[in-house]
Amino acid sequence: MVCHPTLAVSESGVVLGILDAWMWARQKKGEPDIRESTRWMEGYQRVAELKAELSGTVAFMLPIEKPTLEKG
């Protein structure tokens with residue numbers, strides 16, 4: 004099981020809660036699967052949708068092992 008959570012964190016670093024989470028099971032090796040970069044893009048889009056409802060600065064950070072976002 005894989006989970007890509009989107010956390011809300013205050014400017015002082017306090018975790019406020021989970022804004023969104025994608026959970027799925029990876030396919031067997033060789034079978035088509037959703038790219039993890041697609042999940043990160045979906046998380047970014049969700050934060051963009053919620054921005055109007057959130058106060059303060061909004062930033063979206065990716066983990067260091069996923070520095071690029073591929074389409075498709």
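Residue numbering for the sequence shown follows the working numbering, starting at 4 and increasing by one per position.
Glycine is no exception: its CB is placed at the ideal position from the N, C-alpha and C atoms.
Shortest alpha-carbon distance to C6 belongs to which of A51, W25 and S40?
That would be W25, whose Cα lies nearest to the Cα of C6.
Output needed for D36: all residues of its chain with C-beta closer than 7 Å, excluding positions within five of it in sequence on either side, in chain order.
Within the same chain, D36 has close Cβ partners R29 and Q30.
Pick helix, strand or coil for G20, following the three-state DSSP scheme.
Strand at G20.
Where do the N-terminal and C-terminal ends of the beta strand (DSSP E) with V5 fall, by residue?
Taken as a continuous stretch (DSSP letters only), the beta strand (DSSP E) holding V5 covers V5 to V12.
Confirm, please, whether the CB-CB distance from L22 to R49 is below 8 Å.
In contact: R49 and L22 (Cβ atoms closer than 8 Å).
Determine the DSSP secondary structure at M26, reduced to helix, strand or coil.
Residue state, collapsed to three classes: strand.
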